[in-house]
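Written out below as structure tokens is the structure these notes cover.
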Amino acid sequence: MKVHINQIPTEGLLLEGEESSRMLDLHDESIQPAGDIHYALDVGLSEGGLFATGKLAVDLDMECVACLERFRYPLRISDFACQIELTGRETVDLTEAVREDILLALPPHPHCDWNGERVCQGALSRFKSEAARETLSETQETGSTPDVWGALDQLKIKKTN
43 MKVHINQIPT EGLLLEGEES SRMLDLHDES IQPAGDIHYA LDVGLSEGGL
93 FATGKLAVDL DMECVACLER FRYPLRISDF ACQIELTGRE TVDLTEAVRE
143 DILLALPPHP HCDWNGERVC QGALSRFKSE AARETLSETQ ETGSTPDVWG
193 ALDQLKIKKT N
């Protein structure tokens, strides 16, 4: 993703387009790009440097850490920004800055239920087993089953006729 310095007017330049997602260089099978990287960047020159701000987008196929099912995750970065010092070069490569922002925005523990459109069976079974362990632990400590209705038995309800 190279920008030619001489092609940037004083008021700046809007760059929109796509770059191959191969630039992400992902070697993890659980996270793979599903398409190209889309960008819309405002590029300009400041004293001794080039700045770029804008938006990045790429769709990813990910593996859920709970149920191991694959799902589509649309990664969107609406506040990309970078500043690169000019050192007499005619072109500046934004590839590393774009790659770094995308990699830092990846979810550390991807879940297939990230947007609420589905229920992750792995997370659901983990929740059920945690609740069962808590009940079992309480039973072992007291020697009896927990009284889940005890609080309701304590209520004093006024009868009205």
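So the sequence shown is numbered by my numbering: it starts at 43 and just counts up by one.
Ideal Cβ positions, reconstructed from N, Cα and C, are used throughout, including at glycine.
Assigned exposure category for residue i - 16 Cβ within 10 Å defines buried
i: residue 56; result: exposed
i: residue 92; result: buried
i: residue 199; result: exposed
i: residue 136; result: buried
i: residue 140; result: buried
i: residue 49; result: exposed
i: residue 110; result: exposed
i: residue 178; result: Model confidence at residue 178 stands at a pLDDT of 49, short of 50, so the residue's coordinates are unreliable and nothing is read from them.
i: residue 66; result: buried
i: residue 100; result: buried
For residue j and residue i, believed in contact at Cβ under 8 Å, the rounded distance
i: residue 117; j: residue 128; result: That pair is no contact at about 30 Å.
i: residue 106; j: residue 153; result: 6 Å
i: residue 98; j: residue 119; result: 4 Å
i: residue 96; j: residue 83; result: 4 Å
Of the listed residues the options, nearest to residue i (C-alpha basis)
i: residue 143; options: 109, 197, 159, 94; result: 94
i: residue 85; options: 52, 79, 161; result: 52
i: residue 150; options: 89, 59, 108; result: 108
i: residue 73; options: 90, 197, 80, 113; result: 113
i: residue 62; options: 69, 161, 79; result: 79
i: residue 104; options: 122, 60, 75, 132; result: 75
i: residue 122; options: 138, 130, 131, 115; result: 138
i: residue 68; options: 148, 126, 44, 90; result: 148
According to DSSP, residues forming a beta bridge with residue i
i: residue 88; result: 91
i: residue 45; result: 134
i: residue 82; result: 58, 97
i: residue 51; result: According to DSSP, residue 51 bridges with nothing at all.
i: residue 73; result: 104
heavy atom of the ligand FAD below 7 Å from residue i C-beta
i: residue 77; result: Absence of the ligand FAD from the depicted structure is noted, as is the absence of any ligand whatsoever, leaving it without description.
(message) Report the start-end ranges of each beta strand (DSSP E) in the stretch 94-158 that is 3 residues or longer and not cut off at the edges.
(response) Positions of the beta strand (DSSP E) runs, each at least 3 residues long and wholly inside the stretch 94-158, are given as 112-127, 133-135 in order along the chain.
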